[in-house]
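Trainee: Residue numbers (full-length UniProt numbering): 1 to 283.
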């Protein structure tokens, strides 16, 4: 029901109710109900009808208002993401591409020797960063998951994307949509996405498993494990690992526990495990 119609119904229900009551009373009930009793019953009937219907309309009005607020926030977020994607494309992405071209030319001019080897390494690094930027632009231009969509489909879509490059991904998702707020869904999805693409970029893994389930105390536990090479804790905490720092920052802001450690080896997953857990309030 449209927002304006709900407002007009809320305003008009008392008037409509008293008008209907007066018509029924004078047309049908006048021989049975005195004027004094009718006048006494009028405000009672108006109150009962108003409380019954207006409360339902107010709840509906709140839902519509919340939906409008979500749509405005989503639109603003999409505009910001599109602006950021455009700036990345017009600035960093194009600069990296030109730098890669110049390195190709420099490599041809310095054929052979240590200089050529260094240039080749630089070119490989620049191209890797360039692909990361392009991936970031593509991610920014994808519509983020929202509350009225089965947002776990975004996780499955990422799994399908990784499967296209030969990574076997298994998703065991038992976390209901209603278990998380909109903000929690956005932050958890960002952490899962970063963990999954880190596996693709760094772990040299062939299998990846994503698990999520609701805890008995009302919280949740989500893990991303792989069968890759793993890594040392010191390397994970290195300043260059911006993705790991991003996951830690997001988890800290939400009050979640984030653990990055060697996997247990269950189902052959003996690489790395990223675990996000929220402690519930029910005991």
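The beta carbon of each residue, even a glycine, is placed where N, CA and C say it ideally should be.
1. Is it buried or exposed, residue 275, if we count other Cβ atoms within 10 angstroms and call 16 or more buried?
2. In terms of residue numbering, what span does the alpha helix (DSSP H) encompassing residue 261 cover?
3. Run through the DSSP bridge pairs and tell me what residue 207 is partnered with.
4. Just to confirm before moving on: does the CB-CB distance between residue 270 and residue 227 stay below 8 angstroms?
5. Take residue 168 as the anchor and find which of 264, 179, 157, 207 has the nearest alpha-carbon.
6. I need the straight-line Cα distance from residue 5 to residue 265, nearest angstrom please.
7. If you draw a straight line from the C-alpha of residue 216 to the C-alpha of residue 175, how long is it?
8. So residue 190 is in the alpha helix (DSSP H); what residue range does that whole segment cover?
9. For residue 244 versus residue 210, is the C-beta distance shorter than 8 angstroms?
10. In the DSSP assignment, find the beta strand (DSSP E) that holds residue 225 and state where it starts and stops.
11. Where DSSP assigns a beta bridge to residue 272, which residues make up the other side?
12. List the whole-angstrom C-beta distance separating residue 46 from residue 10, where the pair is believed to meet the contact cut-off of C-beta under 8 angstroms.
13. Taking all protein chains shown into account, do 16 or more other C-beta atoms lie within 10 angstroms of the C-beta of residue 148, making it buried, or fewer, making it exposed?
Mentor: Result, derived from the coordinates:
1. In the chain shown, residue 275 corresponds to position 275, counting from 1. Buried.
2. Indexing the chain shown from 1 puts residue 261 at position 261. Note, residue 261: premise wrong, no alpha helix (DSSP H); beta strand (DSSP E) at 257-262.
3. Mapped onto the chain shown, residue 207 falls at position 207. The partner list for residue 207 (beta bridge, DSSP) reads 168.
4. Here residue 270 is taken as the residue at index 270 of the chain shown, counted from 1. Here residue 227 is taken as the residue at index 227 of the chain shown, counted from 1. The answer is yes: Cβ separation under 8 angstroms.
5. Taking the chain shown and counting its residues from 1, the one referred to as residue 168 is at position 168. The candidate whose alpha carbon is nearest that of residue 168 is 207.
6. Counting from one through the chain shown, the residue named residue 5 turns up at place 5. Counting from one through the chain shown, the residue named residue 265 turns up at place 265. Going by the C-alpha atoms only, they are around 59 angstroms apart.
7. Residue numbering aside, residue 216 sits at position 216 when the chain shown is read from its first letter. Residue numbering aside, residue 175 sits at position 175 when the chain shown is read from its first letter. Between residue 216 and residue 175, the C-alpha separation is close to 12 angstroms.
8. Here residue 190 refers to the residue found at position 190 when the chain shown is read from its first residue. Its alpha helix (DSSP H) spans residues 182-198.
9. Taking the chain shown and counting its residues from 1, the one referred to as residue 244 is at position 244. Taking the chain shown and counting its residues from 1, the one referred to as residue 210 is at position 210. No. Outside cutoff.
10. What you label residue 225 is simply residue 225 of the chain shown in a count that begins at 1. That run of the beta strand (DSSP E) goes 220-226.
11. Position 272 of the chain shown holds residue 272. According to DSSP, which records beta bridges pairwise, residue 272 is partnered with 262.
12. The sequence position of residue 46 within the chain shown is 46, counting from 1. The sequence position of residue 10 within the chain shown is 10, counting from 1. No, residue 46 and residue 10 are not in contact; Cβ-Cβ is about 14 angstroms, not under 8 angstroms.
13. Residue 148 sits at position 148 when you count from the first residue of the chain shown. Here the model assigns residue 148 a pLDDT of 40, short of 50, so the residue's position is not dependable and the matter cannot be decided.
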